[in-house]
Amino acid sequence: MNKKALAILMRARMRPNNSINPALSPLAKEMNQVNQNSPDSQSTGHAIRCDSEEPSEMRTNDAGNCEREFELVRTSMHSAISMSKTEDLDSILHNFSEGYSNLSIENRRKLLLVLAREYDLNRVHVRELIKQYLGLELPGVTVDKAQGSFSEEGLFSSFYRIERNLRHTLRPLYEVLFDRLNTHPGGLRFLSILRSDILSFLTEENISSLRALDSYLKEKLSTWLSPAALELHQITWDDPASLLEKIVAYEAVHPISNLLDLKRRLGVGRRCFGYLHPAIPGEPLIFIEVALLKNIAQTIQEVLWDSPPIPENEATCALFYSISSTQPGLSGINLGKFLIKRVITLVIREMPHISTFATLSPIPGFMQWLLSKLASQTKLAESDMSQSLAEGSSSTFWENILKPEEEKALMSISKDITSGKNGMEVMFNLLTSTYHKWTKSPELLSVLEPLLMRLCARYLLQEKKRGKALDSVANFHLQNGAMIERINWMADRSDKGLSQSGGIMVNYVYSLEHIDEFAYSYLSTGDIHASSDLRCTVEP
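For the sequence shown, the residue numbers in our numbering are 974 to 1513.
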């Protein structure tokens, strides 16, 4: 093993220590296990977290310590917002960020609620200014053409004054904290951690003041992380081990299984690009993995495991097969849109023989949607159909999503394999079988393939939420200007792929001459562009 491989294996803590802890890849778990068994990790000098189990006689003292710790952090937060002397500001911001990191989850939640409620805007003052504004009488405007100026310009001075005061008053006090942290060393990373906590708490309870805090911070982060502030970096095997660790740890689509897998993804016929920000050095905010191929791949197996890759000068297609964000706190900020466009521009400049830009993407919401649909329709069929038929009417909500020939094929399956009162119930029982047993039977595969492919096409093209594609990955690529080219049967046979989409994956294509046109039509009207072959799969 070379020094770089050893460094990757022995490096401590693959992920930042914050409240969000997504599942690690197999290699990342291995590296964390090595770290946990090391003498350093067994040091007793840890900060008190206040949320671990301890003997009852220690809990009272710990509760007191936690309360004192909370008040200290609250005081430093207030000072960071209200202080006018800049010479002490850095130390106060440091104390606040360090203190917050040591708080228990419950105390973090309590502190964020204090920030959201007590440092919000002054609505009494806002109402007073609005009343003053509405009380002004709008003067008529006459233009002195000879002088080229408004003769009644002075009459608008009251409007200008109140409008200026309104703009100032509509800024919440916590904006001061965000702005000051953004210019503080390590502050941008801390703000990302802060927002990841806010998002975590909002999933537990939708609190309006916390939602407003999140919305404001998201707008700030979107401004600070504009494409002009980000550096596009090609990640290679020659990069520092600390950077490669992040790729291993944060790969969210296809986990990196070992060092050979990592080296393959960074080697000949492959590219990896990431966005870096000067305030978070050595850690990509988002990265994308690219395979250089002759044709658009139909399975992830041929992308990850086929060896050796073709010579790069023979490639005509750049396939984006994985895009991962490293910062949970940047959720909802579409850095991927700008990353894809810049990577396309870079690849065209360096490899003009590449003419096709496509993806091989997961469909993470398909099976959840399908199983929910099957379960609800089966239940309706059992409870409502007899009553509605007796009354000579049909249920408004009932829909048989299967064609007659599909129903017949499902009901013809041997009762030794599965059972059900109707085709939808049979299908539900098959798809929820343990260890995906249906994938190991050629008979079952031949029955399920045509109807799963048809229903998947329907899901991608027709199922929407608020006028946009229901599937999150589809929505991401469509709003970036892609079109849906093809869906691929058994393209991802991993347990994750089978659980999420029945093994089906989709190719989105970025047609250079239509990217802006497709993005505009999707964002404005929800129009989904797709190939004619795929549209033929779905009935009107």
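Glycine is no exception: its CB is placed at the ideal position from the N, C-alpha and C atoms.
Member of Leu1143, Leu1235 and Ser1199 whose CA lies at the smallest distance from the CA of Ala1214: Your numbering for residue 1214 matches position 241 in the sequence shown. When each option's Cα is compared against that of Ala1214, the closest is Leu1235.
Please confirm whether Leu1312 and Tyr1223 have their CB atoms less than 7 Å apart. Working through the sequence shown from its first residue, we reach residue 1312 at position 339. Working through the sequence shown from its first residue, we reach residue 1223 at position 250. No, they are not a contact pair.
Quick check on DSSP: helix, strand or coil for Gly1309? The count along the sequence shown starts at 1 and reaches residue 1309 at position 336. Helix.
Candidates Leu1217, Ile1065 and Tyr1133: which alpha carbon is nearest Gly1160's? Here residue 1160 refers to the residue found at position 187 when the sequence shown is read from its first residue. For Gly1160, the nearest C-alpha among the options comes from Ile1065.
Secondary structure of Ser1295, DSSP reduced to three states: Taking the first residue of the sequence shown as 1, we reach residue 1295 at position 322. Reduced to three states, the DSSP call for Ser1295 is strand.
Tell me whether the beta-carbon of Leu1146 lies closer than 7 Å to the beta-carbon of Tyr1092. Counting from 1 along the sequence shown, the entry for residue 1146 is found at position 173. Counting from 1 along the sequence shown, the entry for residue 1092 is found at position 119. Contact flag set, yes.
Could you check the C-alpha separation between Ala1492 and Asp1063 for me, to the nearest Å? Along the sequence shown, one-based indexing puts residue 1492 at 519. Along the sequence shown, one-based indexing puts residue 1063 at 90. One C-alpha to the other measures close to 43 Å.
Distance check for Leu1471 and Ala1348, CA to CA, integer angstroms please. If you number the sequence shown from 1, residue 1348 lands on position 375. If you number the sequence shown from 1, residue 1471 lands on position 498. Rounded to the nearest whole angstrom, the CA to CA distance from Ala1348 to Leu1471 is 19 Å.
In this structure, how does DSSP classify Gly1247 when only helix, strand and coil are distinguished? Indexing the sequence shown from 1 puts residue 1247 at position 274. Of the three classes helix, strand and coil, the one that applies to Gly1247 here is strand, per DSSP.
Beta carbon of Thr1142, beta carbon of His1098: below 7 Å? In the sequence shown, counting from the first residue as 1, residue 1142 sits at position 169. In the sequence shown, counting from the first residue as 1, residue 1098 sits at position 125. It is a contact, given that the beta carbons lie within the stated cut-off.
Cα-Cα separation between Ser1181 and Asp1187, rounded to whole angstroms: Locating residue 1181 in the sequence shown gives position 208, counting from the first residue. Locating residue 1187 in the sequence shown gives position 214, counting from the first residue. For Ser1181 and Asp1187, the distance between alpha carbons rounds to 10 Å.
Does the Cβ-Cβ distance between Thr1329 and Phe1293 come in under 7 Å? By 1-based counting over the sequence shown, the position of residue 1329 is 356. By 1-based counting over the sequence shown, the position of residue 1293 is 320. For Thr1329 and Phe1293, no; Cβs fall outside 7 Å.
Is it true that the CB of Leu1102 sits closer than 7 Å to the CB of Asn1138? The sequence position of residue 1138 within the sequence shown is 165, counting from 1. The sequence position of residue 1102 within the sequence shown is 129, counting from 1. Taking 7 Å as the Cβ cut-off, Asn1138 and Leu1102 qualify as a contacting pair.
Spell out the partners DSSP gives Val1263 in its beta bridges. Residue mapping note: residue 1263 aligns to position 290 of the sequence shown, counting from 1. In DSSP, Val1263 forms a bridge with Arg1244 and Phe1293.
Pick out whichever of Leu1375, Glu1256 and Arg1244 has its Cα sitting closest to the Cα of Ile1317. As a first step, residue 1317 is located in the sequence shown; it is residue number 344 there, counting from the start. In terms of Cα proximity to Ile1317, the closest of Leu1375, Glu1256 and Arg1244 is Arg1244.
Looking only at DSSP bridge pairs, what is Asn1480 linked to? For the purposes of this step, residue 1480 is identified with residue 507 of the sequence shown, where counting begins at 1. In the DSSP output, where bridge partners are listed per residue, Asn1480 has Arg1459.
Between the alpha carbons of Val1241 and Leu1203, how many angstroms are there, rounded? The residue labelled residue 1241 in the question sits at position 268 within the sequence shown. The residue labelled residue 1203 in the question sits at position 230 within the sequence shown. So the alpha carbons of these two residues sit roughly 26 Å apart.
Count the other CB atoms, across all protein chains shown, that sit within 10 Å of the CB of Arg1047; report buried if there are 16 or more and exposed otherwise. For the purposes of this step, residue 1047 is identified with residue 74 of the sequence shown, where counting begins at 1. With 16 or more Cβ atoms within 10 Å of its Cβ, Arg1047 is classed as buried.
Could you tell me the alpha carbon to alpha carbon distance between Glu1079 and Ser1049, rounded to whole angstroms? Counted from its first residue, the sequence shown places residue 1079 at position 106. Counted from its first residue, the sequence shown places residue 1049 at position 76. C-alpha separation (whole angstroms): 18 Å.
Under a three-way DSSP split, which group does Ser1334 fall into? Looking up residue 1334 in the sequence shown gives position 361. In this structure, Ser1334 counts as strand in the three-state DSSP scheme.
Reducing DSSP to helix, strand and coil, say where Thr1209 ends up. By 1-based counting over the sequence shown, the position of residue 1209 is 236. It is coil, neither helix nor strand.
Per DSSP, the bridge partner or partners of Glu1204: By one-based count along the sequence shown, residue 1204 stands at place 231. Looking at the DSSP assignment, Glu1204 forms a beta bridge with Leu1249.
Give me the Cα-Cα distance between Ala1382 and Glu1398, rounded to the nearest whole angstrom. Counting from one through the sequence shown, the residue named residue 1382 turns up at place 409. Counting from one through the sequence shown, the residue named residue 1398 turns up at place 425. The alpha-carbon atoms of Ala1382 and Glu1398 are separated by roughly 13 Å.
Quick check on the DSSP output: what are the complete alpha helix (DSSP H) runs of length 4 or more inside the stretch 1051-1127, in order along the chain? 1062-1074, 1078-1091 and 1096-1108
Which residue comes first and which comes last in the alpha helix (DSSP H) that contains Asn1155? Translated into positions along the sequence shown, residue 1155 becomes position 182. Run containing Asn1155: Tyr1147 to Asn1155, per the alpha helix (DSSP H) assignment.
In this structure, what does DSSP give as the bridge partners for Ala1442? Residue 1442 sits at position 469 when you count from the first residue of the sequence shown. Bridge partners of Ala1442: Lys1437.
Note down the Cα distance separating Leu997 from Leu1217, rounded to an integer number of angstroms. Indexing the sequence shown from 1 puts residue 997 at position 24. Indexing the sequence shown from 1 puts residue 1217 at position 244. The pLDDT assigned to Leu997 is 48, lower than 50, so where the model puts this residue is not dependable, and the model offers no usable value.
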